[in-house]
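This report concerns only the one structure given below.
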């Protein structure tokens, strides 16, 4: 189930912002995403089958993110070293792995995000309470897309919806992110986690 988080990437987030907020520009969104290297916070995930899971997210840009799922799920997803690994706590097998480039989440974990200069933006709208940007890899649209929802004053990422190549969707709703926190490289080492769990190579 957890592999849907990255491979495929839903409950709308009730956003406490004033009605009729102005649409946040692509340059503002790019600046926001580039404004922090590290972040941590809580998340709620609505899976493709409608089930709900929760946990903690760690972000270390570029290219690293970790999702620790709370009990009873206890799954773990790590992106690091250009790979994504999905650890199943019920299995004694090594994690399922695939390239980070094959997930739309890769687009916001880039070293430099510039939505204004790329062809990755395929949607940009405002519903009066939040601005949603839909992005995909212009070279590989078959990898799916990610819809990012932001609120303004100040700009904050609140939610994303990842759609996979088969049309399945997974939503991640973020709590308040603590930015600029000290996070080492260890939590994003797939091999370190494999060794700690005794799963071999």
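Numbering (mature numbering (1 follows the signal peptide of the UniProt record, and there is no 0)), first residue to last: -21 to -1, 1 to 180.
We put the CB at the ideal spot given by N, CA and C, even for glycine.
Alpha-carbon to alpha-carbon, residue j and residue i
i, j, result
"residue 1", "residue 71", "50 Å"
"residue 171", "residue 107", "45 Å"
"residue 165", "residue 20", "18 Å"
"residue 38", "residue 17", "5 Å"
"residue 23", "residue 118", "30 Å"
"residue 175", "residue 43", "19 Å"
"residue 47", "residue 122", "24 Å"
"residue 60", "residue 80", "11 Å"
"residue 49", "residue 32", "7 Å"
"residue 4", "residue 69", "44 Å"
"residue 96", "residue 12", "15 Å"
"residue 173", "residue 105", "43 Å"
"residue 53", "residue 158", "25 Å"
"residue 103", "residue 131", "15 Å"
"residue 34", "residue 6", "30 Å"
"residue 137", "residue 169", "27 Å"
"residue 179", "residue 133", "45 Å"
"residue 147", "residue 51", "24 Å"
"residue 160", "residue 94", "25 Å"
"residue 29", "residue 76", "24 Å"
Beta-carbon spacing of residue i, residue j below 8 Å
i, j, result
"residue 129", "residue 109", "yes"
"residue 78", "residue 64", "no"
"residue 112", "residue 100", "yes"
"residue 86", "residue 114", "yes"
"residue 36", "residue 167", "no"
Presumed contact (8 Å Cβ cut-off) between residue i and residue j, rounded CB distance
i, j, result
"residue 150", "residue 25", "4 Å"
Segment limits, alpha helix (DSSP H) that includes residue i
i, result
"residue 79", "No alpha helix (DSSP H) contains residue 79, which DSSP labels as neither H nor E."
"residue 8", "5 to 13"
Option nearest residue i by Cα separation, candidates the options
i, options, result
"residue 83", "67, 66, 125", "125"
"residue 10", "120, 89, 115, 142", "89"
"residue 140", "6, 13, 12, 27", "27"
"residue 40", "163, 52, 178", "163"
"residue 153", "169, 161, 135", "135"
"residue 177", "143, 116, 66", "66"
"residue 45", "62, 142, 29", "62"
"residue 143", "76, 55, 120, 29", "120"
Boundaries of the beta strand (DSSP E) in which residue i is found, first to last residue
i, result
"residue 122", "It is not in any beta strand (DSSP E) - residue 122 carries neither H nor E in the DSSP assignment."
"residue 171", "It is not in any beta strand (DSSP E) - residue 171 instead sits in the alpha helix (DSSP H) that spans 169 to 175."
"residue 138", "135 to 142"
"residue 2", "From DSSP, residue 2 is part of no beta strand (DSSP E); its letter is neither H nor E."
"residue 66", "62 to 66"
"residue 58", "55 to 59"
"residue 95", "Careful: residue 95 lies outside any beta strand (DSSP E) and carries neither H nor E."
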